[in-house]
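With my numbering as the guide, the letters of the sequence shown map in order to residues 8 to 343.
Backbone N, C-alpha and C define an ideal beta-carbon position, used for all residues, glycine too.
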Amino acid sequence: ATLRLTSDVIRKSLGSSILDTNNEYRLTSWLAQQEDQHGIVLYQCDHNLTAWTQRCVRQADCILIVGLADKEPHIGKIEKEVERLAIRTQKELVLLHREGADRPKNTVAWLNNRTWVSSHHHIQCSKRMFSRRSQYRVNELYNKVLMSEPNIHSDFSRMARWLSGTSVGLVLGGGGARGAAHVGMIKAVLEAGIPIDMVGGVSIGAFMGALWCMEKNVTTMTQKAREWSKVRTFLFRYPVLNMLVRDRVTTVAPGAALSPEDDSVVEADAGPDVSRHIHVLWTRLQHDHPEDIRRDPLGGPVAAVLHHQHGHHGQLYAGPHSRYDSHLTAHECLSE
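Structure (structure tokens):
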């Protein structure tokens, strides 16, 4: 069960003076009891840096910083105090998007302003989330909402599973043209009522995983995968044209770019601006250490995985060998 606690709930349950310093032990004991009785306790801060807000920050195992994606990525007054009050606590950014909005944008600016954030989530919300209503109307509305089954494929459900440690992962293997089968397999998994929160991929599996994370449904993913397969088939039949295309890519973006036929499917500058997280774990062989690329453009790493120049496929996150940004690398793609 999940319990949401606010300063009003605390005062109604324990008295109006419960947040005074002389009631510290009583409040701490009561909160510990609630955490034992519930799987998740959600502490909702006040709008100002009150005693309750500071209690929420100190009490939490994970701090969710919520922002409106279509606003400027400025750091709020309370947010500035978060790092000081809870240096070691995990912090994650949650960006709310209006229903029907296009693919997320400007995520890098939000992340660059918040170096303390360890992860981020894009949540598409219904219109009711962006309108002010009385508490009575809110309670009335959510009583109706709770009467229906939750959508397990929604962004909210995916984040809930992430926070509760019950995320569902899918690993997509390599194999060139056989990668087209990944589309049908993803469709079958979803039709079976199984949500997909994280995708691991090798070679063509990394490419298909990136494509799945960029699209909001299987239909558009199928269309783009079909378009890409047709272009790829044409280029493999006519190697000279293939060589000309690759030469043009090298001229335009030396060392790190998807081929034009790939870039039309997986947008090279996407990176954090995808509906689901994409992590690319790779190793700089010259320096012998791994790097987790989370805030970089998507095109380079996926292209390096897809168009590896030599070496062989290794296990997940340990191959193949290729060149990206003038570095000899070994890497694969992990997406969330």
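Query	Result
H128 and M166 closer than 8 Å at C-beta	yes
Same chain, Cβ closer than 8 Å to E198, neighbours up to 5 away in sequence not counted	none
Those runs of the alpha helix (DSSP H) which lie wholly inside the region 66-111 and span at least 4 residues	84-92
Three-way DSSP call (helix, strand, coil) for G181 in this model	coil
Range of the contiguous alpha helix (DSSP H) that encloses G216	211-221
When K223, R168, W169, L170 are compared against I193, the one with the closest alpha-carbon	K223
Per-residue burial, H81 [other beta carbons within 10 Å of its own, 16 or more giving buried]	exposed
Beta carbon of C52 nearer than 8 Å to that of T60	yes
Span of the alpha helix (DSSP H), counted from its first residue to its last, around I17	14-21
Residue from S236, P202, M136, A39 whose Cα sits closest to the Cα of T173	P202
Neighbourhood of W185 by C-beta distance below 8 Å, restricted to the same chain and skipping five residues each side	The sequence given here places Arg at residue 185; Trp does not occur at that position. Excluding sequence neighbours, R185 sits near I211.
Simplified DSSP assignment, three categories, for G207	strand
In DSSP terms, what G176 is bridged to	M205
Residue range of the unbroken beta strand (DSSP E) whose run includes I128	The sequence given here places His at residue 128; Ile does not occur at that position. 126-132 is the extent of the beta strand (DSSP E) around H128.
Cross-strand partners of V196 (DSSP beta bridge)	V196 is not bridged to any residue.
Simplified DSSP assignment, three categories, for R11	strand
Secondary structure of S24, DSSP reduced to three states	coil
Segment limits, alpha helix (DSSP H) that includes L38	31-44
Pairwise C-alpha distance: I94 and K78	26 Å
Distance, T122 Cα to L100 Cα	11 Å
Beta-carbon proximity check, A76 vs H104, cutoff 8 Å	yes
Counted within 10 angstroms of its Cβ, other Cβ atoms place S23 as buried (16 or more) or exposed	exposed
Exposed unless 16 or more other CB atoms sit within 10 angstroms - verdict on P157	exposed
The region 10-17 contacting the region 34-49, beta-carbon criterion three pairs below 8 Å	yes
Proximity winner among L21, V209, V175, relative to G200 (alpha-carbon distances)	V175
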